[in-house]
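Undergrad: Position 193 of the sequence shown, counting from 1, maps to 238 under our numbering, and the rest follow consecutively.
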Amino acid sequence: MNLRVRLGAFTRLPRTIGASLVVGAAAMGLLVSSPANAVEVESGTLDVVSEVGDPVGGGYSYAYSDGESSADAMYAGWDNDGNKVTVIVQGANGDRWSVVMGAEYGEQLVPGTYTGASDTPALGAPRLSVSGTFYGCESEGSFTIDRMVLGPRGYVESLDASFEQNCVGVAPGLTGQVHLTNPPPPAELTLGVDIAASGTVGADGKPAVHGTVTCTEPVNVLVNGSLSQVVAKGSLATASYHTRVDCTPGTPAAWAADGTVTGGVPFEKGDAAVEFKAQATDPVYGHTVVTDLGTASVSLSKS
46 MNLRVRLGAF TRLPRTIGAS LVVGAAAMGL LVSSPANAVE VESGTLDVVS
96 EVGDPVGGGY SYAYSDGESS ADAMYAGWDN DGNKVTVIVQ GANGDRWSVV
146 MGAEYGEQLV PGTYTGASDT PALGAPRLSV SGTFYGCESE GSFTIDRMVL
196 GPRGYVESLD ASFEQNCVGV APGLTGQVHL TNPPPPAELT LGVDIAASGT
246 VGADGKPAVH GTVTCTEPVN VLVNGSLSQV VAKGSLATAS YHTRVDCTPG
296 TPAAWAADGT VTGGVPFEKG DAAVEFKAQA TDPVYGHTVV TDLGTASVSL
346 SKS
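(1) Nearest by alpha-carbon distance to A121: which of N138, S114, S143 and E113 is it?
(2) Which residues does DSSP pair with Q324 in a beta bridge?
(3) Does DSSP put K129 in a helix, a strand or coil?
(4) How far does the beta strand (DSSP E) with N211 in it extend, from its first residue to its last?
(5) Pop quiz: A349 and G157 are said to be a contact at Cβ under 8 Å. What is the actual Cβ separation, rounded to whole angstroms?
(6) Taking C-beta to C-beta, are S348 and V310 nearer than 7 Å?
(7) So, is D126 buried or exposed, given that buried needs 16 or more other C-beta atoms within 10 angstroms?
(8) What separation, rounded to the nearest whole angstrom, lies between the Cα atoms of T235 and V130?
(9) Please report the distance separating the alpha-carbon of G339 from that of P294.
(10) Closer than 7 Å by C-beta to Y150: which residues in its own chain qualify, once you throw out the five before and the five after it? Chain order, please.
(11) Among Q222, N138 and P230, which residue has its Cα nearest to the Cα of E85?
(12) State the Cα-Cα distance for the pair A323 and C260, rounded to the nearest angstrom.
(13) With a CB to CB cut of under 8 Å and the five nearest residues on each side skipped, what residues in its chain are close to G112?
(14) Apply the 10 Å Cβ neighbour rule to T178 and answer buried if 16 or more other Cβ atoms are within range, or exposed otherwise.
(15) Can you tell me whether K347 is helix, strand or coil according to DSSP?
(16) I need the DSSP call for A253, collapsed to helix, strand or coil.
(17) What distance in whole Å lies between the Cβ atoms of G186 and N211, which are believed to be in contact at a cut-off of 8 Å?
(18) Please report how far the alpha carbon of H224 lies from the alpha carbon of N138, in whole angstroms.
(19) Would you call S110 buried or exposed, if buried means 16 or more other Cβ atoms sit within 10 Å of its Cβ?
(20) Using C-beta distances below 6 Å, list every residue in its chain close to L204, excluding the 5 sequence neighbours before and after it, in chain order.
(21) Using only alpha-carbon positions, find the residue among T307, L267, T296 and P197 that is nearest to K251.
(22) So, L173 versus V101, is the Cβ gap smaller than 7 Å?
(23) Among the candidates T189, G196, P166 and D191, whose CA atom is the shortest distance from the CA of E183?
(24) Answer yes or no: do A284 and L272 have a C-beta to C-beta separation smaller than 7 Å?
Shown next, in the form of C-alpha cells:
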C-alpha cells in the first residue's frame, strides 16, 4: 500500500472564479492538480462514509455543506478541456478533502458511470482520486455522475455525483456523494477599441493619437500600438505608444497616447498608418482579453 502525505492547510477564498485554490505544504501537488480557475460554490454538500480500516477516511463518517450560513468551504472547477472536475472541501473543523473525477485521457467527462478508475489511470481508463483528512493513497474505484453542467473557463454550474474508492491492496474503502449548485456563469469580458481619424505631431516630431474603448465590465484597459509614416526623401518614421484608461460599461472611455519614436526619424504633418489594440484582465475569470489588431490611417496635424 502506498500512503501519501497528509493534506496541508489552504486559505478560504472569496467567491471569484479567477482565484486559484491555495494549498499548503506542497502536499496538494502530490494529491491533486487543482484547476487553474475555481469558485467557492454557492450551495453544496459532500458526504463521505469510511469503513473501519480505510486509510483515507480512518473509519469515520463526514458531512460538509457550503451555503449562506455555513462555515465549511467548497470549491469546484474543471480543466483539461472538460476532461476532469475537481471538488475541494475545507471543513470548519479543519478537515480537508479533495475529489477528482475524470474521463479517460482525451475524452470529455459527461454524466454516466465510470468503472475501473484509479488515481493514476492507465491509458483508456477513467480517473478517481479521493484524498481525505488523514491521507491519500494509490487508489481504485468507480464513480457515477448523475448531473453536471459546466460553464466557461473552469466554472462548474452544477454537479451531482457519487463515488466509491479503496486503497490498492486494502479491502476497506469509502463511499461518498457530492452535490453542488452555482448560479449561471457570468458572461466573459468583451472589449472594443476605436481610434480617431486625426492626431497631432509636435515640433519634436513625436506623434500623438487618441480614441475610445468600451467594455462590458469595469476594468482598467491597456491600449497600445504603433505608427509608421513615409516622410520626406522616402525615409520611414516609426513609433510605438501605450496608455491605460479606466473603463465603465455603457460609456465609451476616452484614451490618448503620445508616441515614442523608435527609428530616429521624426514624424511630419500628414497621414500615418496606425495599428491599435486593447487588453484587460477579466475581473471574473482572470484571463487576459485582447481585441483583434486594428489598423487605420490617421491624419497628423501640427500641435
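By construction, the Cβ of each residue, glycine as well, lies at the ideal position given by its N, Cα and C atoms. What you are looking at is a predicted structure, and each value in this text was computed from that prediction instead of being measured.
TA: In short, the structure shows the following:
(1) S143
(2) L267 and V335
(3) Correct three-state label for K129: strand.
(4) Note, N211: beta strand (DSSP E), V201 to C212.
(5) Outside the shown range of the chain, which is 46 to 348, sits residue 349, and nothing can be said about it.
(6) no
(7) Exposed is the call here.
(8) In this model, T235 and V130 are separated by some 27 Å (Cα to Cα).
(9) 21 Å
(10) Around Y150: L168.
(11) Taking only the C-alpha atoms, the option nearest E85 is P230.
(12) Rounded to whole angstroms, A323 and C260 show a C-alpha spacing of 10 Å.
(13) E87, S88 and G89
(14) Under this definition T178 is a buried residue.
(15) strand
(16) strand
(17) 6 Å
(18) 20 Å
(19) buried
(20) M193 and L225
(21) T307
(22) no
(23) P166
(24) Yes, the Cβ-Cβ distance between A284 and L272 is below 7 Å.
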